[in-house]
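Novice:
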Amino acid sequence: MPFAALLLWRSLWSSAEISISETEVVVLIALHRLKNAKKIVEKSEIEILDSVNKALRKHERPTISQSDLRHAMKMLEKIDSIEKVKTSGGWFIREWVRVSYR
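Take 9 as the starting number for the sequence shown in this note's numbering and just add one per residue.
1) Is the region 70-81 touching the region 45-52, taking contact as three or more C-beta pairs under 8 Å?
2) Should the region 90-107 be regarded as contacting the region 59-69, the criterion being three or more beta carbon pairs within less than 8 Å?
3) Output yes or no for whether 8 Å exceeds the beta carbon distance between E3 and L84.
4) Identify whether I37 lies in helix, strand or coil by the three-state DSSP scheme.
5) Between which two residues does the beta strand (DSSP E) harbouring E91 extend?
6) Between H79, S27 and L42, which has its C-alpha nearest F100's C-alpha?
7) Please name the residue in V35, S52 and H40 whose C-alpha comes closest to that of S112.
8) In whole angstroms, what separates the C-alpha of S108 from that of V60?
9) Determine the DSSP secondary structure at W21, reduced to helix, strand or coil.
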């Protein structure tokens with residue numbers, strides 16, 4: 009699966025390469041695919057989990073639990089890749105995501 013590393017681009021003045029787990033990468037990619045034009049994901053936890061597990065099954069990887077999803081979301085929030093939107097309860101995606109296959 010092409011999720012060994014993820015290049016996260018912040019703003020024009022800063023870029024960083026961060027090593028994160030396969031689960032966190034798949035969650036971030038799923039969130040990126042679920043976001044609206046304002047870069048906000050307004051889906052339930054179950055809908056996000058379904059999207060993540062669909063991507064994992066597509067690449068013949070083991071699916072994750074709701075607990076695994078929560079842990080990955082907390083880690084992504086901790087590294088400022090995502091941010092909880094207080095007004096809507098959704099998630100703001102702070103990163104630009106590019107998936108490349110090798």
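Heads up, the beta-carbon is just placed ideally off N, CA and C, and yes, glycines get one too.
Specialist: Taking the geometry as given:
1) no
2) no
3) Any question about residue 3 goes unanswered here, given that the chain covers just 9 to 110.
4) helix
5) I90 to K92
6) L42
7) Here the chain covers residues 9 to 110 and nothing more, so residue 112 does not appear.
8) 17 Å
9) Its pLDDT being 38, under 50, W21 is placed unreliably by the model, and nothing is read from it.
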